[in-house]
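K.L.:
Sharing a structure here in structure tokens format.
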Amino acid sequence: MTSHRNGTAAAPSLLEAAMSECRPAFRSVAIFSFVINALMLATPIYMIQVMDRVLRSGKVETLLLLTLIASGALLVMCLLDTLRASVALRTASWINEKLGPAYLEACCQAQIAGDAAGTERLRDLQYVRTFVSTQGMSALFDAPWVPIFVVFIWLLHPYLGMIALGSALILLVLSFVTEYVTHEPNEAAENTSIEIMRLSDATVRNAEAVAAMGMMPAMADRWRALNDRETTALHAAGDLSGRLVTLSKFLRAFVQVAILGMGAWLVVENQITPGAMIAAAIMLGRALAPVEMAISMWSSYIAARFAYQRLNEHIVTYPPAQPRTRLPSPDGYVLVRGVSYAVPDSGHPILTDVSFEIVPGEVLAIVGPSGAGKSTLCRLLVGLSHPASGRIVLDGSNLGHWDRQQLGRALGYLPQDVELFPGTVQDNIARMGPADDADVVAAATMARVHDLVQRLPEAYQTVVGFGGVRLSGGQRQRIGLARAVFGRPKLVVLDEPNANLDQAGEAALAEALRDLKAAGVAVVVVGHRPSTLAQADKLLVIQNGRVAHFGHRDEVMKAWSETSANEGGDETVPMWRPALAPKPQKLLEHSAAGDA
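With this note's numbering applied, the sequence shown covers -18 to 577.
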């Protein structure tokens, strides 16, 4: 099911490729289904032999032999059915294991891109997994046996075959009618359910604001409105589906009576034997079972189909990052040249023609009014967003040319909103991976958070996040700083790192900045506070997405103050740009190599 463009088949998506790898398992399930359904004939054949031969001959030895053969066939059938279920279950688990990490990454990419889907695609993956591991998929493999059983019944007598064929066709039509009449309400219910989950997640995530400002009644009203919409759609689909399921159950019970009645009449007319009559009833029940199962599990099939479509679209939109050639470890020379960025959907410009550079051991402070593009610039520097034009170069290589894992280890990033993961403090500082205790303590010491951690109930083994110790915003920010400096990164980007810090925290941050400079780390920090600016070597002032000032800190601050005084104390950032500071020789070499 690959897409086609310009007459050529596009490469299959990750989901389609994974399903292709499952084909041997699906073939095994199909083979098991073939043998299981073939062995299902043991019971009607047994009934024919017993009633038409044993009862007439009175030979107990024949009855024992037939019973032994039939029992063996049924035992093998049950074992294969168990094996088929086991293969389906393990296939579903493999799909989840294979695709789970990829969709976790895709969900993160979607969140970074502003997609509100959150973890919904992981729930969709569970829908597909559940469908594969349950009887829904088995019914699909049993369905091809419906005409085969009808043929066997027809061979017993055409009249019986007509009843079987007619009932199978009617049930098949009912299944298509069920799909047609419930498609729209099922889709509406599914989409509304997604909206309910998004609203619920947002409400719980902002529980403090909701409770403090009395927003719960309003949020509850919104939830009720969405729930009423979902309930209406579910009731519409459920009522229609329920009527059709009831009709199918009646039809199946009726045809069982009809085929027995027709069989009895044929026996009276000496056209078939009593054994054939019983065998026809058994085979008809088996023939109609997959169709009835498909109708009863139609809602699960629809949910799995919708989920599969959403999963495929999502992984095509947000494919996993491909590994790249590992480059030499960077030193922290950063060159930003002519970078512009606009909101992807609307095209609204955020940054325009931004240029600056940083060398190892320097601290660049970025200042400007709210909405000027400071946080966007930070996201660009760590590769979370990509410029519409211009280049961001790290040690002579465009940021997009670095392997994502290698680049991540060379970067430290502290966003404005710091979230800690469920786990211990040590886990969070170590970026949730294995790490030596000495490296964790070294990062905490550099971030000046070691003493704070020692005051927690279990020190570095204190559990935070869900079900753990509740930390203040300042504590989370300081632990987030330790996470940012863990592993001795070469470029550290701090977005408003002192937003939640008290005086002691600001002092600790200033000391951490001094240590990073001494260690030869290039640091970018967003912040207006004097304690932050005091550590800066260079100052970048952004206004309306453009560079208003860039240069050495003292020069920029002096020029900024003079311009503000000349304008009568206006505190808006003047559109003035001093000459760029001369580039160190190594940076010039990198820049020249990049331009070449």
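Note that CB positions come from ideal geometry on N, CA and C, so glycine has one too.
Quick check: what's the CA-CA separation for residue 333 versus residue 527?
P.N.:
The sequence position of residue 333 within the sequence shown is 352, counting from 1. The sequence position of residue 527 within the sequence shown is 546, counting from 1. Cα to Cα, the separation comes out at about 5 Å.
K.L.:
Please report the distance separating the alpha-carbon of residue 12 from that of residue 461.
P.N.:
Translated into the one-based positions of the sequence shown, residue 12 becomes position 31. Translated into the one-based positions of the sequence shown, residue 461 becomes position 480. Cα to Cα, residue 12 sits roughly 54 Å from residue 461.
K.L.:
Here's a check: name, in chain order, each residue in its chain whose Cβ is nearer than 6 Å to the Cβ of residue 549, leaving out the five neighbours to either side.
P.N.:
Numbered from 1 along the sequence shown, position 568 holds the residue referred to as residue 549. Confidence in residue 549 is poor, its pLDDT being 49 and thus under 50, which makes the residue's placement too unreliable to answer from.
K.L.:
For residue 581, report the span of its alpha helix (DSSP H) as first-last.
P.N.:
Outside the displayed range of the chain (-18 to 577) lies residue 581, so it cannot be described from this structure.
K.L.:
Do residue 428 and residue 493 have their CB atoms nearer than 8 Å?
P.N.:
The sequence position of residue 428 within the sequence shown is 447, counting from 1. The sequence position of residue 493 within the sequence shown is 512, counting from 1. Yes, Cβ-Cβ distance for residue 428 and residue 493 is below 8 Å.
K.L.:
Report the rounded CA-to-CA distance for residue 573 versus residue 378, giving the unit in angstroms.
P.N.:
What you label residue 573 is simply residue 592 of the sequence shown in a count that begins at 1. What you label residue 378 is simply residue 397 of the sequence shown in a count that begins at 1. Annotation note: pLDDT 39 at residue 573 (below 50); position unreliable, coordinate value reported separately. C-alpha separation (whole angstroms): 11 Å.
K.L.:
Where does residue 156 sit, in a helix, a strand or coil, going by DSSP?
P.N.:
For the purposes of this step, residue 156 is taken as residue 175 along the sequence shown, with counting starting at 1. Here residue 156 sits in helix by DSSP.
K.L.:
Quick check on residue 306: does DSSP put it in helix, strand or coil?
P.N.:
As a first step, residue 306 is located in the sequence shown; it is residue number 325 there, counting from the start. It is coil, neither helix nor strand.
K.L.:
Check this for me: beta carbons of residue 503 and residue 315, under 8 Å apart or not?
P.N.:
The count along the sequence shown starts at 1 and reaches residue 503 at position 522. The count along the sequence shown starts at 1 and reaches residue 315 at position 334. Yes. Within cutoff.
K.L.:
On the premise that residue 264 lies in contact with residue 248, defined as a C-beta separation below 8 Å, what is that separation, rounded to the nearest angstrom?
P.N.:
To locate residue 248, count along the sequence shown from 1; it is residue 267. To locate residue 264, count along the sequence shown from 1; it is residue 283. That belief does not hold up - the Cβ atoms of residue 248 and residue 264 are roughly 16 Å apart, past 8 Å.
K.L.:
Let me know if residue 394 comes out buried or exposed under the rule of 16 or more other beta-carbons within 10 Å of its beta-carbon.
P.N.:
On the sequence shown, position 413 is the one that residue 394 refers to. It is buried - the Cβ of residue 394 has at least 16 other Cβ atoms within 10 Å.
K.L.:
Could you check which residue in 505, 468, 477, 487 has the C-alpha nearest to that of residue 337?
P.N.:
Here the question's residue 337 lines up with position 356 in the sequence shown. If we check each option's Cα against that of residue 337, 505 comes out closest.
K.L.:
Going by the CB atoms, is the gap between residue 520 and residue 348 shorter than 8 Å?
P.N.:
Against the sequence shown, residue 348 aligns to sequence position 367. Against the sequence shown, residue 520 aligns to sequence position 539. It is a contact, given that the beta carbons lie within the stated cut-off.
K.L.:
Return the first residue and the last residue of the alpha helix (DSSP H) that residue 431 is part of.
P.N.:
Here residue 431 corresponds to residue number 450 of the sequence shown, with the count starting at 1. Segment 431 to 435, the alpha helix (DSSP H) holding residue 431.
K.L.:
So, helix, strand or coil for residue 252, using DSSP?
P.N.:
Taking the first residue of the sequence shown as 1, we reach residue 252 at position 271. Coil.
K.L.:
With distance defined between alpha-carbon atoms, name the residue in 244, 455, 251 nearest to residue 141.
P.N.:
As a first step, residue 141 is located in the sequence shown; it is residue number 160 there, counting from the start. It is 244.
K.L.:
For residue 405, which beta-bridge partners are listed by DSSP?
P.N.:
The residue you call residue 405 lines up with position 424 of the sequence shown. In DSSP, residue 405 forms a bridge with 444.
K.L.:
Within 10 angstroms of its Cβ, does residue 531 collect 16 or more other Cβ (buried), or is it exposed?
P.N.:
Residue numbering aside, residue 531 sits at position 550 when the sequence shown is read from its first letter. Its Cβ being crowded by 16 or more others within 10 Å, residue 531 is buried.
K.L.:
Taking residue 134 as the reference, give the member of 108, 266, 297 with the closest Cα.
P.N.:
Within the sequence shown, numbered from 1, the residue matching residue 134 stands at position 153. The candidate whose alpha carbon is nearest that of residue 134 is 266.
K.L.:
For the putative contact between residue 296 and residue -6, defined by C-beta atoms under 8 Å, what is the C-beta separation to the nearest angstrom?
P.N.:
Within the sequence shown, the letter at position 315 stands for residue 296. Within the sequence shown, the letter at position 13 stands for residue -6. Yes, they are in contact, since the Cβ atoms of residue 296 and residue -6 sit about 5 Å apart, within 8 Å.
K.L.:
Please report the distance separating the alpha-carbon of residue 228 from that of residue 102.
P.N.:
Here the question's residue 228 lines up with position 247 in the sequence shown. Here the question's residue 102 lines up with position 121 in the sequence shown. So the two alpha carbons sit approximately 35 Å from each other.
K.L.:
Identify the residues that DSSP records as bridge partners of residue 379: which are they?
P.N.:
Position 398 of the sequence shown holds residue 379. Looking at the DSSP assignment, residue 379 forms a beta bridge with 374.
K.L.:
Could you tell me the boundaries of the beta strand (DSSP E) in which residue 344 lies?
P.N.:
The count along the sequence shown starts at 1 and reaches residue 344 at position 363. Counting along the chain, the beta strand (DSSP E) containing residue 344 begins and ends at 344 to 348.
K.L.:
Please list, in chain order, all residues of the same chain as residue 381 whose beta carbon is under 7 Å from its beta carbon, the five residues on each side excluded.
P.N.:
As a working note, residue 381 is residue 400 in the sequence shown. Answer for residue 381: 367, listed in chain order.
K.L.:
Going by CA-CA distance only, name the one from 353, 278, 272, 384 that's closest to residue 307.
P.N.:
Along the sequence shown, read from residue 1 onward, the residue named residue 307 stands at position 326. Answer by Cα proximity: 384.
K.L.:
According to DSSP, simplified to helix, strand and coil, what is residue 367?
P.N.:
For the purposes of this step, residue 367 is identified with residue 386 of the sequence shown, where counting begins at 1. Residue state, collapsed to three classes: coil.
K.L.:
Does DSSP put residue 452 in a helix, in a strand, or in coil?
P.N.:
Start at 1 with the first residue of the sequence shown, and residue 452 comes out as number 471. Three-state result, residue 452: coil.
K.L.:
Just confirm the distance between the C-beta atoms of residue 31 and residue 44, as a whole number of angstroms; I'd bet it's less than 8 Å.
P.N.:
Taking the first residue of the sequence shown as 1, we reach residue 31 at position 50. Taking the first residue of the sequence shown as 1, we reach residue 44 at position 63. With 8 Å as the limit, residue 31 and residue 44 qualify as a contact, their Cβ atoms being about 7 Å apart.
K.L.:
Return helix, strand or coil for residue 164, following the three-state DSSP convention.
P.N.:
Position 183 of the sequence shown, counting from 1, holds the residue named residue 164. Here residue 164 sits in helix by DSSP.
K.L.:
Helix, strand or coil for residue 396 per DSSP?
P.N.:
As a working note, residue 396 is residue 415 in the sequence shown. Reduced to three states, the DSSP call for residue 396 is coil.
K.L.:
Determine the extent of the alpha helix (DSSP H) in which residue 386 is found, giving its start and end residues.
P.N.:
Locating residue 386 in the sequence shown gives position 405, where the first residue counts as 1. 385 to 391 is the span of the alpha helix (DSSP H), which, as asked, contains residue 386.
K.L.:
To the nearest angstrom, how far is it from the Cα of residue 225 to the Cα of residue 41?
P.N.:
As a first step, residue 225 must be located in the sequence shown, where it is residue number 244. As a first step, residue 41 must be located in the sequence shown, where it is residue number 60. Going by the C-alpha atoms only, they are around 47 Å apart.
K.L.:
Based on the DSSP secondary-structure assignment, which residues constitute the bridge partners of residue 322?
P.N.:
For the purposes of this step, residue 322 is identified with residue 341 of the sequence shown, where counting begins at 1. Note: residue 322 sits in a beta bridge opposite 332.
K.L.:
Taking the alpha-carbon of residue 80 as reference, which of 96, 241, 260, 289 has the nearest alpha-carbon?
P.N.:
Sequence index remark: in the sequence shown, residue 80 carries index 99 (1-based). The option with the nearest alpha carbon to residue 80 is 289.
K.L.:
Residues in the same chain with beta-carbon distance under 6 Å from residue 407, minus the five sequence neighbours each way, listed in chain order, please.
P.N.:
For the purposes of this step, residue 407 is identified with residue 426 of the sequence shown, where counting begins at 1. Result list for residue 407: 421, 441, in chain order.
K.L.:
What residues in its chain sit with their C-beta under 8 Å from that of residue 84, if we drop five residues either side in the sequence?
P.N.:
In the sequence shown, residue 84 corresponds to position 103, counting from 1. Same-chain partners within the cutoff: 102, 103, 106, 292, 295, 296.
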